[in-house]
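**Student:** Sharing a structure here in structure tokens format.
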Amino acid sequence: MHVVYDLDRPDLGGNIRHGDTATWCSDLWDLLIELYGVRTALDVGCGEGHAVAYLNKKGIYAVGIDGLIKNIERSVFPIVLHDLLAGPFIMPVDLVWSSEVAEHIPESHVDNYIDTLCNGKVIAMTHAVPGQVGHNHVNCQTSDYWIEKMALRGYTISSDLEIFREVSKKRGFGYYFNLSGLVFLKN
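In this note's numbering, the protein residues as written are 13 to 199.
Printed below as a string of structure tokens:
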């Protein structure tokens, strides 16, 4: 297992080279597509673009963004270079997916991340919990923190969250979603 990062920008990277099954939630993505009629998607902090490639193969117009140039160069599907510390990425879509990115965004720049998430009518995300070790974890929070932030932007947590977590467990992948996954719906 090779963790990808940038020595000059420790806030970037932390993903696993060639993909990370702990972030892979294809059964969940399929369910979200079906339930919410998803036709467009944005993967925030997409690493090498494995989820983006999957979604596009399912007929979804999906775009991924990542701030680490190594990930752009190694991507398995074309993705966009974007630094969330510089500002939000704006692209309204049906679904935003973001796995294990939140904890890498310093509190001083978290609004850029939240503004980017708010591109979606549906947001599915994970976050590191307090004390969770990992590369450059600078903003580990409880789910309540993210629920409050999203409520201020007009989103509510899905009443089907436990169902979504069960679906993500089905194949033994999606560890992070099982641990801290959240699904928000625009009011």
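Even for Gly, the Cβ is constructed at its ideal location relative to N, Cα and C.
What residue ranges within the segment 57-141 form continuous alpha helix (DSSP H) runs of no fewer than 4 residues, ordered along the chain?
**Tutor:** 62-69, 81-86, 122-129
**Student:** With DSSP as the reference, identify every bridge partner of residue 196, one or two as the case may be.
**Tutor:** Stepping through the sequence shown from its first residue, residue 196 is reached at position 184. In the DSSP output, where bridge partners are listed per residue, residue 196 has 135, 169.
**Student:** Helix, strand or coil, according to DSSP, for residue 54 in the structure here?
**Tutor:** Locating residue 54 in the sequence shown gives position 42, where the first residue counts as 1. Note: residue 54 maps to strand in three-state DSSP.
**Student:** At the level of alpha carbons, what is the spacing between residue 116 and residue 71?
**Tutor:** For this step, residue 116 is matched to residue 104 along the sequence shown. For this step, residue 71 is matched to residue 59 along the sequence shown. About 30 Å.
**Student:** Using CA coordinates, which residue listed in 191, 66, 39 is at the minimum distance from residue 52?
**Tutor:** By 1-based counting over the sequence shown, the position of residue 52 is 40. Out of 191, 66, 39, 66 has the C-alpha closest to the C-alpha of residue 52.
**Student:** For residue 47, which three-state DSSP category applies?
**Tutor:** Sequence index remark: in the sequence shown, residue 47 carries index 35 (1-based). Reduced to three states, the DSSP call for residue 47 is helix.
**Student:** From which residue to which residue does the alpha helix (DSSP H) around residue 161 run?
**Tutor:** Residue numbering aside, residue 161 sits at position 149 when the sequence shown is read from its first letter. Taken as a continuous stretch (DSSP letters only), the alpha helix (DSSP H) holding residue 161 covers 155-163.
**Student:** Where residue 54 and residue 64 are concerned, what is the direct C-alpha to C-alpha distance, given to the nearest angstrom?
**Tutor:** In the sequence shown, counting from the first residue as 1, residue 54 sits at position 42. In the sequence shown, counting from the first residue as 1, residue 64 sits at position 52. Spanning the two alpha carbons is a distance of roughly 8 Å.
**Student:** Could you check whether residue 61 and residue 87 sit closer than 7 Å to each other, using their CB atoms as the reference points?
**Tutor:** Here residue 87 is taken as the residue at index 75 of the sequence shown, counted from 1. Here residue 61 is taken as the residue at index 49 of the sequence shown, counted from 1. Closer than 7 Å, so yes.
**Student:** Taking the alpha carbon of residue 128 as the reference point, which residue from 41, 107, 144 has its own alpha carbon closest?
**Tutor:** As a first step, residue 128 must be located in the sequence shown, where it is residue number 116. With distances taken between Cα atoms, residue 128 lies closest to 107.
**Student:** Using a Cβ-Cβ cutoff of less than 6 Å, which residues in the same chain neighbour residue 97 once the five nearest sequence positions on both sides are dropped?
**Tutor:** Locating residue 97 in the sequence shown gives position 85, where the first residue counts as 1. Taking C-beta separations shorter than 6 Å and ignoring five residues to either side along the sequence, the partners of residue 97 in its chain run 121, following chain order.
**Student:** Do you know whose CA, among 172, 182, 187, lies nearest residue 48's CA?
**Tutor:** Counting from 1 along the sequence shown, the entry for residue 48 is found at position 36. For residue 48, the nearest C-alpha among the options comes from 172.
**Student:** Rounded to the nearest angstrom, how far is the Cβ of residue 175 from that of residue 159, given a contact under 8 Å?
**Tutor:** As a position in the sequence shown, residue 175 is number 163, starting the count at 1. As a position in the sequence shown, residue 159 is number 147, starting the count at 1. Actually they are not in contact, since the Cβ atoms of residue 175 and residue 159 sit about 17 Å apart, beyond 8 Å.
**Student:** If you draw a straight line from the C-alpha of residue 177 to the C-alpha of residue 136, how long is it?
**Tutor:** Taking the first residue of the sequence shown as position 1, residue 177 is located at position 165. Taking the first residue of the sequence shown as position 1, residue 136 is located at position 124. So the alpha carbons of these two residues sit roughly 11 Å apart.
**Student:** Leaving out five residues before and five after residue 44 in sequence, what residues of the same chain have Cβ atoms less than 7 Å from its Cβ?
**Tutor:** For the purposes of this step, residue 44 is taken as residue 32 along the sequence shown, with counting starting at 1. Here the set comprises 50, 107, 134, 136.
**Student:** Please work out which residues of its chain come closer than 7 Å, Cβ to Cβ, to residue 183, disregarding the five sequence neighbours upstream and downstream, and give them in chain order.
**Tutor:** Translated into the one-based positions of the sequence shown, residue 183 becomes position 171. Excluding positions up to five away in sequence, the list reads 39.
**Student:** Quick check: residue 149 and residue 192, are their CB atoms within less than 7 Å of each other?
**Tutor:** Locating residue 149 in the sequence shown gives position 137, where the first residue counts as 1. Locating residue 192 in the sequence shown gives position 180, where the first residue counts as 1. Between residue 149 and residue 192, the CB-CB gap reaches or exceeds 7 Å.
**Student:** Checking 7 Å against the spacing of the C-beta atoms, do residue 68 and residue 74 come in under that value?
**Tutor:** The count along the sequence shown starts at 1 and reaches residue 68 at position 56. The count along the sequence shown starts at 1 and reaches residue 74 at position 62. Taking 7 Å as the Cβ cut-off, residue 68 and residue 74 qualify as a contacting pair.
**Student:** Does the beta-carbon of residue 78 have 16 or more other beta-carbons within 10 angstroms, so that it is buried, or is it exposed?
**Tutor:** Counting from one through the sequence shown, the residue named residue 78 turns up at place 66. Result: buried.
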